[in-house]
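The next block holds one structure in the form of structure tokens; read it before the comments.
In my numbering, the protein residues as written are 50 to 215.
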């Protein structure tokens, strides 16, 4: 069984509600500490065997694989998660703007709000990324309104031109 399959199985394991909350709270706290470590030195590219990095981040290899699954789309070169083994080489070369955007997308405020971001992206840039993220969530209609200029370029209102038969 692959490490990713083991991680997915651990996530889907039936637990009592209290145990379920404790499991995820423990994971989210460990994840938060990982990001604090990463953001503290944004010039560092963490690399090595998966088992070595898991140890450095104080996680077991299966849980660290779950962490990698979460950060994977923010890496400059994504990892093939299905093929990961404890001996697999892993390189965490992070696109920090993409990481911040993905944290907003995941609604992970406990991560996007970390004070360590101050040393990575300016507050202004984080606001710009947040605005881009919000804009990407807005519904955009390509429907022409009756009183809009006609898209054919005649200069008439749509209702008096191409929309006259509708």
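Beta carbons are placed, not taken as given, at the ideal position from N, Cα and C, and that holds for glycine.
The structure displayed is predicted, hence computed values, not measured ones.
Looking at C-alpha atoms only, which residue of the options is the closest neighbour of residue i?
| i | options | result |
| --- | --- | --- |
| residue 140 | 178, 112 and 87 | 87 |
| residue 82 | 178, 136, 161 and 202 | 161 |
| residue 110 | 128, 119, 127 and 134 | 134 |
Measure the alpha-carbon distance for residue i versus residue j and round it to whole angstroms.
| i | j | result |
| --- | --- | --- |
| residue 166 | residue 69 | 30 Å |
| residue 122 | residue 57 | 17 Å |
| residue 196 | residue 188 | 20 Å |
| residue 169 | residue 132 | 31 Å |
| residue 124 | residue 149 | 12 Å |
| residue 72 | residue 95 | 26 Å |
| residue 62 | residue 137 | 26 Å |
| residue 159 | residue 152 | 9 Å |
Can you say whether residue i is buried or exposed, counting buried as having 16 or more other CB atoms within 10 angstroms of its CB?
| i | result |
| --- | --- |
| residue 213 | exposed |
| residue 65 | exposed |
| residue 50 | exposed |
Over what stretch of residues does the beta strand (DSSP E) that includes residue i continue unbroken?
| i | result |
| --- | --- |
| residue 141 | 138–141 |
| residue 97 | 95–98 |
CB-CB under 8 Å to residue i, same chain, minus the five flanking residues each way: which ones, in chain order?
| i | result |
| --- | --- |
| residue 198 | 204, 205, 206 and 207 |
| residue 112 | 56, 59, 76, 79 and 103 |
Using a Cβ-Cβ cutoff of less than 7 Å, which residues in the same chain neighbour residue i once the five nearest sequence positions on both sides are dropped?
| i | result |
| --- | --- |
| residue 163 | 84, 85 and 88 |
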